[in-house]
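Heads up: the protein sequence lines correspond to chains A and B, in order.
Residues in the first sequence are numbered consecutively from 1043, following my numbering.
Residues in the second sequence are numbered consecutively from 62, following my numbering.
Note that beta-carbon positions come from the ideal geometry of N, C-alpha and C, so glycine has one too.
Being a predicted model, the structure only gives us computed values, none of them experimental.
Each remark here refers to the structure printed beneath this line.
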Amino acid sequence: MRAAATVSSVGRLAGGPSLTRAAAVLGGATLLLTAVLVGAVAIGSVGVGLGETAAILGRRLLGLPLAETWAPAAETIIFELRLPRVLTAMLVGGGLAMAGTVFQALLRNPLADPYIIGTAAGASLGAVTGIVAPLLLPVLAIGAGTAWLGIGLVQALAFAGGLGTVLLVYAVARAHGRVPVVTLLLTGYAVSSVLAAGVALLMFASGRALGAVFSWLMGSLAGASWPALGFAAPLLGLSFALLLPRWRSLNLLLLGDSAAANLGLDVEREKLILTMLATLATSAAVAVSGTIGFVGLVVPHLLRLAIGPDHRLLLPASVLVGAALLALADLGARVLGGVPVGIVTALLGAPFFLYLLRRSRGTATVAAA
Amino acid sequence: MAPRLRASLLVPLLALALLLAACRVGSTPSVQPSFTPASPSATATTVASFPLTLTDDAGRAVTIPAEPQRIVSLAPSNTEIACALEACDRLVGVNDFRDSLPDDVLATLAQVPDVATFSGVDREKLVAQQPDLVLAAGNELTPSADIAALADLGLPVLVLYPETLDEVYADIELVGRAIGQDEGAASLVDGMKADVVALTDRVAGSSAPRTFYEVGVYEGVIYTAGEDSFLASLIGLAGGEPITGDAVTTAIQLEDLVAADPELILLGDAAYDPSITPDAVAARPGWEGMAAVTGGRVVPMPEDLLITRPGPRITEGLEILARAIHPEAFD
């Protein structure tokens, strides 16, 4: 598999995709994203007319001087409940899909997802500590509801846990100034296992909070709000801005560390930068949504099957399509009565992925690695 | 190039179409509440001074601008409190768990939509009801994320989590103040206190049997009244000596239960599951030697919700417990 991918990507290293093709792909993805935005804001458990929805958004977002013909509750539902949730879904979906693309290339592993080297376990331990600790130690409950920078204790600990775990894993995996990919994977696995035991222990002691813990671990966007979005958006925006221009490094790393070094890439430096940026995006996403699965694994594969493995196009496309698909999945989750969105992504994502795999059997670019 | 490009557009669009179709099936019009003009459904009976600021069971200061006319209750116990304070017709949204609500309450609430389930609050439906007071439950019965989100929207959210009989009284009085029914709450609480005194007098003097209340047994883990829990205090009031589990998980290990040697086993779970019988308990490995089993004092409870629901009918639950623990006092 890897040889096939390599042959096709070497051909494109220099030139990249043609402009018209890039425009068609990214234009199509943007169109899809816009359609999903409108649909996801207009549909929910309470019926608000499409015209009314558009009018509310026009008045609040664009400042159009429209007469308020709707119930105040409709405006609250559209502007305070649905819009921040849909935007959070898009930001998280885009961030996870981009991080998944980066890790699959960096680790040259088709099973890599944004969580693979410890982000999920670290963030989970942080979040579950934030949920359970105030119950076990009532002293902590005072102020547990307060928010700093728009986020609460759970979000702050999840973010710190994800980022901190990857820093630890990277430091442990480092030997003689190098971080071999296999060592990084295995170290991540071992550290994750220890942290997962801690999560299980806290779950055992969580009593009535088990429901909240479960919902967080499944991944849910029910906690979305403007302040939480205000926390995650700059962090994810930063990682988008710094990662998207590094497509060339990812293309080179696909060839293997030594080949990439021979072609002039400072391999260790690039690996560190890419890992940390992808982890920043993942931790920020996980902090506001819990560990939503499959988006970060499936979207990169889906796009590689559709548009090929060149990261110049693959990275921005994964952001746009990941954003659209998670917002769609969350719409499904809301309409199904508020099930955690992670269940929806697994339920729909995995079979769809299987279908794609079977359909594409025999063609050259099944996976990047 | 061409087929691959086509796939790149078709695949996401197909997914979009499928999901939209699925969504349409999911949201049938019958479950969609529509907006109704917010009209006061009851007139004020007592003149209380609004706006007022109350402190709820989560220690939050809650300001209620005017006497609430559109109340949402997120827990059955809160629903019972509101209805006992003659505010049933002011409820505009409730929890979908309606088991064991009094018949008159069920009838009054027949047309009132569910805005919360076991797993959480449907915030959109709740907001669509345009409530002016939300009665939530503490300790994650109403998820704290929902409480925070609703409070952020500027709704007065009163969190109730009584853990003792005295706190049930206090919460009834708190709701009474919040909805302008101070006097009704005071007389309701007086009546409850009189009932409790009558009951405790009845069982006074009898010896207190070591009592194990079985909440449930799942995958071998035995759940009972937690240490210092409400249920444990009720068993004490009803004239029993409660055998308790861990304060947080409410679980007790079989070894500890055998060592505590209950003289009386009350099967709260038998109220839901008819397969849990005294014979089934006697057949469990390790249970056969307990004093309650050898002495034939394993009692299936006819009712569990009244005992575990901290509302105005908790005194009825207390009487059910007292009758189970001291049947001789009620002959």
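Burial check for Ala1327 of chain A: the Cβ neighbour count within 10 Å reaches 16 or more, so the residue is buried.
One Cα belongs to Asp157 of chain B, the other to Ala177 of chain B, and the distance between them is close to 6 Å.
Runs of the beta strand (DSSP E) spanning 3 or more residues and lying entirely within the segment 166-214 of chain B occur at 175-178 and 194-198, in chain order. Membership of Ile326 of chain B in the beta strand (DSSP E) is indicated by the continuous run Leu325 to Leu328.
At a beta-carbon threshold of 9 Å, the residues of chain A lying near Asn200 of chain B are Leu1177, Gly1249, Arg1250 and Ala1251, ordered along the chain.
Under the DSSP assignment, Gly1206 of chain A falls in the alpha helix (DSSP H) whose first and last residues are Leu1195 to Ala1215.
Around the beta-carbon of Ala1113 of chain A, 16 or more other beta-carbon atoms lie within 10 Å, marking it buried. Annotation for Phe111 of chain B: no alpha helix (DSSP H) segment contains it, and DSSP assigns it neither H nor E.
Thr1143 of chain A sits away from Pro1287 of chain A, with the two beta carbons spaced by 8 Å or more.
Short of 8 Å from the beta carbon of Pro163 of chain B, and not among the five residues preceding or following it, lie these beta carbons of its own chain, in chain order: Glu141, Cys144 and Arg374. By the C-beta density criterion, Asn1293 of chain A is buried, having at least 16 other C-beta atoms within 10 angstroms. The residue from A:Val1170, A:Thr1130, A:Gly1100 and A:Ala1071 with its alpha-carbon nearest to that of Asp1372 of chain A is A:Thr1130.
Residues of chain B whose Cβ lies closer than 8 Å to the Cβ of Ala1115 of chain A are, in chain order, Phe96, Val188, Ala189, Gln190 and Gln191.
Rounded to the nearest whole angstrom, the CA to CA distance from Leu1370 of chain A to Gly215 of chain B is 29 Å.
If you ignore the 5 residues before and after Val153 of chain B, its C-beta comes within less than 7 Å of the C-beta of Arg131, Ile132, Val133, Val173, Gln190 and Pro192, all in its own chain and listed in chain order.
Using a Cβ distance threshold of 8 Å, Leu146 of chain B and Leu249 of chain B count as a contacting pair. In this structure, Pro126 of chain B sits near Pro112 of chain B, with a CB-CB distance shorter than 8 Å. No Cβ-Cβ contact shorter than 8 Å links Asp340 of chain B with Leu219 of chain B. Residue contact check for Glu288 of chain B against chain A: no CB pair falls below 8 Å. Rounded to whole angstroms, Lys254 of chain B and Ala246 of chain B show a C-alpha spacing of 12 Å. In the three-state reduction of the DSSP assignment, Ile142 of chain B falls in the helix class.
Val1337 of chain A sits in a helix when the DSSP states are folded into three classes.
Note on the segment 1058-1133 of chain A: whole alpha helix (DSSP H) runs with a minimum of 4 residues are 1061-1084, 1092-1104 and 1114-1117, in chain order. About 6 Å separates the beta carbon of Arg358 of chain B from that of Glu324 of chain B, a gap short enough to meet the 8 Å contact definition. DSSP places Pro361 of chain B inside the beta strand (DSSP E), whose first and last residues are Val359 to Pro361. For the segment 1115-1144 of chain A, the residues whose beta carbon sits under 7 Å from a beta carbon of chain B are, in order, Ala1115, Ala1116, Thr1118, Ile1119, Glu1122 and Leu1123. It is roughly 22 Å from the alpha-carbon of Leu1149 of chain A to the alpha-carbon of Ala1238 of chain A. For Ile375 of chain B, the enclosing alpha helix (DSSP H) stretches over residues Ile375 to Ile386. In this structure Asp334 of chain B is exposed. Its beta-carbon is surrounded by fewer than 16 other beta-carbon atoms within 10 angstroms. The Cβ-Cβ distance between Ser1325 of chain A and Gly1204 of chain A falls below 8 Å. For Ala210 of chain B, the closest Cβ of chain A is nearer than 8 Å. With respect to Ala1264 of chain A, Phe1336 of chain A sits apart: the two C-beta atoms are not nearer than 8 Å. Contact check for Thr1229 of chain A and Ala1215 of chain A: beta-carbon distance about 4 Å, within the 8 Å limit, so the pair qualifies. The C-alpha of Met1260 of chain A is placed about 11 Å away from the C-alpha of Ala1162 of chain A.
Considering only B:Glu280, B:Gly281 and B:Gly297, the residue with the shortest C-alpha distance to Glu288 of chain B is B:Gly297. The distance from the Cβ of Ile1349 of chain A to that of Leu1357 of chain A is about 11 Å, inconsistent with a contact at the 8 Å cut-off.
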